[in-house]
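In what follows, a single structure is set out as structure tokens and then discussed.
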Amino acid sequence: MTDRYAVVGNPVAHSLSPEIHAAFARQTGQDIAYTRVLAPLDEFARTVETFRASGGKGLNVTVPFKGEAFRLATERTDRALAAEAVNTLRFDDGRVHGDTTDGPGLVRDIVDNLAVPLAGKRVLLVGAGGAARGVIQALLDTGIEALVLANRTVARARELADRFGSEVEPRGFDALGDAGFDVVVNATSASLSGEAPPLAPGVFAPGSLAYDMMYGKGETPFLVAARAAGAAQLTDGLGMLVEQAAESFLVWRGVRPQTAPVLAMLRGTE
Ligand code: NDP
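88 is the number that numbering that gives the first Met the number 0 gives to position 89 of the sequence shown; each next residue is one higher, with no gaps.
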């Protein structure tokens, strides 16, 4: 029997996850079906329960439900506990297993796909919302030299950084100076409104990687600004999306799919 999975969110129509998981299934010979489920904003738990009760095996969870999914899970991985967010649910005999694969997805994309080692690097993470929270522990685990967290609302950066002790240093945008970071990750939603976070050009060290978690058509405002500031390598978040999906596939199926051909397919280079 075909095992059923889905991505649940609101909105969810734009999600590329069904295409990605269909490609993983073809590649690995796994018999799964993967669809999109739109949950009403106040009916996430009921939507999950309906899917589970009808025989569904697992769900990816996207905006705005990752916090609710964390609370709904009956058991959580350490990385989900660190992020206080869940993007992957697996239903096992009445138990609801919650995991988050966003952090490992970002790190794999940077280290493996872009061939940028993170150990010993100075990293600037911009934003203090759910996306930033979900990747901090995974970044710290790579052995980076420093992690600075900058956010428009500085109090939010402080609050988030505090959860990780002295390992994360919170700052406002105007307190970054010309600090020169090796890797600058944009985890804000500023691109959605056609804006870039106001970063001084000096935050991009010579040879730096500028990484925007956003993806879509063309270069985001953050990447345009990073290019003008002299960042050596620029990328959007499509690789992270594919890598987090591969990690979810592993959680559900026990098989890690190859990501390069799927990323190439999505980028239209195949
Ligand atoms: P949240 O709403 O939780 O947080 C938004 C963040 O963006 C806050 O830090 C907010 O700052 C900041 N922000 C918004 N507008 C601006 C602006 N104009 N200038 C500066 N800062 C701004 O969103 P999420 O954290 O959930 O998502 C952020 C982005 O990450 C989304 O665009 C999402 O698509 C992307 N993402 C990509 C993934 C991938 O797989 N590639 C996975 C997860 C997320 P403040 O606190 O001051 O309001």
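Heads up, the beta-carbon is just placed ideally off N, CA and C, and yes, glycines get one too.
All values reported here derive from a predicted model rather than from experimental measurement.
Under DSSP, the beta-bridge partners assigned to GLU168 are VAL147.
In this structure, ALA127 sits near LEU159, with a CB-CB distance shorter than 8 Å. DSSP lists no beta-bridge partner residue for HIS13. ASP2 has ILE31 as its beta-bridge partners, per DSSP.
Taken atom to atom, the span from the alpha-carbon of GLN136 to that of LEU80 is near 10 Å. Distances between the C-beta of ASP101 and the heavy atoms of the ligand NDP include at least one below 7 Å. ASN150 has its CB nearer than 7 Å to a heavy atom of the ligand NDP. Looking at the DSSP output, GLY97 sits in a beta bridge with ARG75 and LEU88. In this structure, LEU191 has its CB closer than 7 Å to one or more heavy atoms of the ligand NDP. Secondary structure of LEU262 (DSSP, three-state): helix. Excluding its 5 nearest sequence neighbours in each direction, PHE43 has C-beta neighbours in its own chain below 6 Å: PHE64 and GLU67, listed in chain order. Shown here for PHE172: same chain residues with a beta carbon closer than 6 Å to its own, the five before and five after excluded, namely ALA149 and PRO197 in chain order.
Apart from the 5 residues on each side of it in sequence, ARG157 sits with its Cβ closer than 8 Å to the Cβ of PRO169 in its chain, given in chain order. According to DSSP, PHE180 shares a beta bridge with PHE203.
In this structure, the beta-carbon distance from ALA145 to VAL122 falls below 8 Å.
Per DSSP, the unbroken beta strand (DSSP E) holding ARG121 starts and ends at 121-125. Scanning MET0, LEU113 and ASP177 for the CA closest to the CA of ASP30 turns up MET0. By a beta-carbon distance limit of 8 Å, VAL7 contacts VAL47. Their separation comes to about 7 Å. Spanning the alpha carbons of ALA38 and ARG51 requires a straight line of approximately 14 Å. Secondary-structure assignment with DSSP links ASP211 through a beta bridge to ASN185. DSSP, reduced to helix, strand and coil, places GLY133 within a helical segment of the structure shown.
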